[in-house]
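Colleague: Terminal number for the sequence shown in the numbering used here: 276, no gaps in between.
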Amino acid sequence: MAKESMWALLIFVAAIRGSLAGIPREIHLLRPRSGSAGERVHGLSCLSWRLGVETNNIKNWTTVPLECEGYVGHYMLGHQYREDSKVVAREAVLYAKSLKLAGDGKDVWVFDVDETLLSNLPYYAKHGFGAEPYNSTLFNQWVLTGKAPALPETLELYRELLKLGIKPILLTGRTEDQRKITSSNLRNAGFGNWEMLILKGSAYSGTTAVVYKSSERRKVEESGYRIVGNIGDQWSDLLGIHAGNRTFKLPDPMYYIS
Ligand SMILES: *[C@@H]1O[C@H](CO)[C@@H](O)[C@H](O)[C@H]1NC(C)=O
Ligand SMILES: *[C@@H]1O[C@H](CO)[C@@H](O)[C@H](O)[C@H]1NC(C)=O
Ligand SMILES: *[C@@H]1O[C@H](CO)[C@@H](O)[C@H](O)[C@H]1NC(C)=O
């Protein structure tokens with residue numbers, strides 16, 4: 019079977035077996051291979067490549083090396099991606115519970131959206147898990163379906179933080195014209211009660227995510243909030259100024275945004 023139709027079949031099977039919250043099911047359909055190094059690329063194993071990108075030692079890469087498409091696909095759809103996300107969310111909850119909060123409603127947590135609250139895995143599974151060059155037209159078409167499922171581990175973190183009285187601030191590279199669909203997608207996926215949803219306005223077009231996100235976080239803190247935590251799948255969510263008292267990096271070996 020051709021590779022594309024194999025992924026399509028897996029996604030299809032997942033879709034008929036469960037909801038899109040079907041991500042948990044969808045990603046257990048493959049036998050995880052993440053313990054293995056997979057193919058080799060530029061003299062490195064794909065596992066070493068993934069470690070390099072997760073640690074931000076490898077920067078500004080544009081696509082997943084072709085040799086690693088299968089490796090990344092198995093990682094994303096297998097157990098390991100979930101296990102890795104679970105550790106991040108667990109540490110974040112432990113940290114949040116350890117905080118002595120002022121209780122004045124000004125403690126906030128910054129969340130990125132894509133590959134943090136929402137998963138675009140149904141899209142990326144059809145587009146080579148990041149091995150195909152990014153196509154904004156196609157990706158925005160997917161965004162406009164509003165069907166991205168929640169990342170279950172982050173959803174749990176989100177709920178825990180709300181219980182603790184820490185307010186979510188959503189800060190995304192999605193653009194202002196995508197506000198309506200993004201809000202409804204988030205609500206349908208189980209997220210609600212956020213304090214702010216900040217989307218990228220046209221004033222920032224052409225600027226990097228680090229610049230845009232730093233600037234928006236600065237405004238948030240200048241208006242009296244305290245960013246106690248910050249979570250994202252990209253280093254550009256977590257670097258820069260006003261990054262928050264602690265940052266948490268979720269896995270994402272599919273794409274890099276500077
Ligand atoms: C990566 O891209 C950023 C933003 O364009 C740039 O500032 C930086 O120098 C680049 N880093 C490397 C290692 O190429
Ligand atoms: C993106 O995909 C569309 C639809 O397949 C195609 O027409 C377009 O040329 C692609 N753009 C790029 C930059 O590859
Ligand atoms: C959080 O960071 C701010 C700014 O750096 C600092 O003033 C504050 O003491 C930190 N809070 C905690 C609980 O560490």
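Glycine is no exception: its CB is placed at the ideal position from the N, C-alpha and C atoms. The structure presented is a predicted model; accordingly, all values stated were derived computationally and were not measured.
Taking the CB atoms as reference points, tell me whether Met-272 and Phe-147 lie closer together than 8 Å.
Modeller: It is a contact, given that the beta carbons lie within the stated cut-off.
Colleague: Residues in the same chain with beta-carbon distance under 8 Å from Val-126, minus the five sequence neighbours each way, listed in chain order, please.
Modeller: Excluding positions up to five away in sequence, the list reads Ile-184, Lys-185, Pro-186, Ile-187, Glu-213, Val-238, Tyr-243, Arg-244, Ile-245 and Val-246.
Colleague: Which full runs of the alpha helix (DSSP H) of 4+ residues lie inside the region 92-162, going along the chain?
Modeller: Here the runs fully enclosed are 97-116, 139-142 and 154-161.
Colleague: Going by Cα to Cα distance, which pick from Leu-173, Gln-159, Ala-120 and Lys-144 is closest to Glu-133?
Modeller: Among Leu-173, Gln-159, Ala-120 and Lys-144, the Cα nearest to that of Glu-133 belongs to Leu-173.
Colleague: Should Leu-156 be listed as close to ligand 2, given that the test is whether its C-beta is under 7 Å from any heavy atom?
Modeller: Indeed, a heavy atom of ligand 2 lies less than 7 Å from the Cβ.
Colleague: Anyone know if the C-beta pair for Leu-353 and Arg-235 falls short of 8 Å?
Modeller: Absent from the model: residue 353. The displayed extent of the chain is 19 to 276, so no value can be given.
Colleague: Roughly how many angstroms separate the alpha carbons of Lys-124 and Trp-160, rounded to a whole number?
Modeller: Cα-Cα distance, rounded: 35 Å.
Colleague: Pro-269 to Asp-255, Cα distance in whole Å?
Modeller: Using only the alpha carbons, I get a separation of about 13 Å.
Colleague: Which partner residues does Thr-190 have in the DSSP bridge list?
Modeller: In the DSSP output, where bridge partners are listed per residue, Thr-190 has none listed.
Colleague: What number of angstroms, rounded off, separates the C-alpha of Gly-224 from the C-alpha of Leu-189?
Modeller: Spanning the two alpha carbons is a distance of roughly 17 Å.
Colleague: Between Phe-266 and Glu-72, is the Cβ-Cβ spacing less than 8 Å?
Modeller: Not a contact, by the Cβ cut-off of 8 Å.
Colleague: What does DSSP give as the partner residues of Lys-185 in its beta bridges?
Modeller: Partner(s): Val-126.
Colleague: Decide if Ile-275 is buried, meaning its Cβ has at least 16 other Cβ atoms within 10 Å, or exposed.
Modeller: Answer is buried; the Cβ neighbour count reaches 16.
Colleague: Looking at C-alpha atoms only, which residue of Ala-114, Asn-248 and Ser-241 is the closest neighbour of Leu-182?
Modeller: Per the Cα distances, Ala-114.
Colleague: Give a yes or no on whether the C-beta atoms belonging to Leu-136 and Ala-168 are separated by under 8 Å.
Modeller: The answer is yes: Cβ separation under 8 Å.
Colleague: Check each candidate in Val-111, Arg-205, Glu-240 and Ser-202 and name the one with the smallest Cα separation from Arg-264.
Modeller: Checking every option, the nearest Cα to that of Arg-264 belongs to Val-111.
Colleague: Count the other CB atoms within 10 Å of the CB of Ile-259; is the residue buried (16 or more) or exposed (fewer)?
Modeller: That one is exposed.
Colleague: From this set, Asn-203, Leu-179 and Ala-261, which residue's C-alpha is nearest Ser-116's C-alpha?
Modeller: Minimum Cα distance to Ser-116 is reached at Leu-179.
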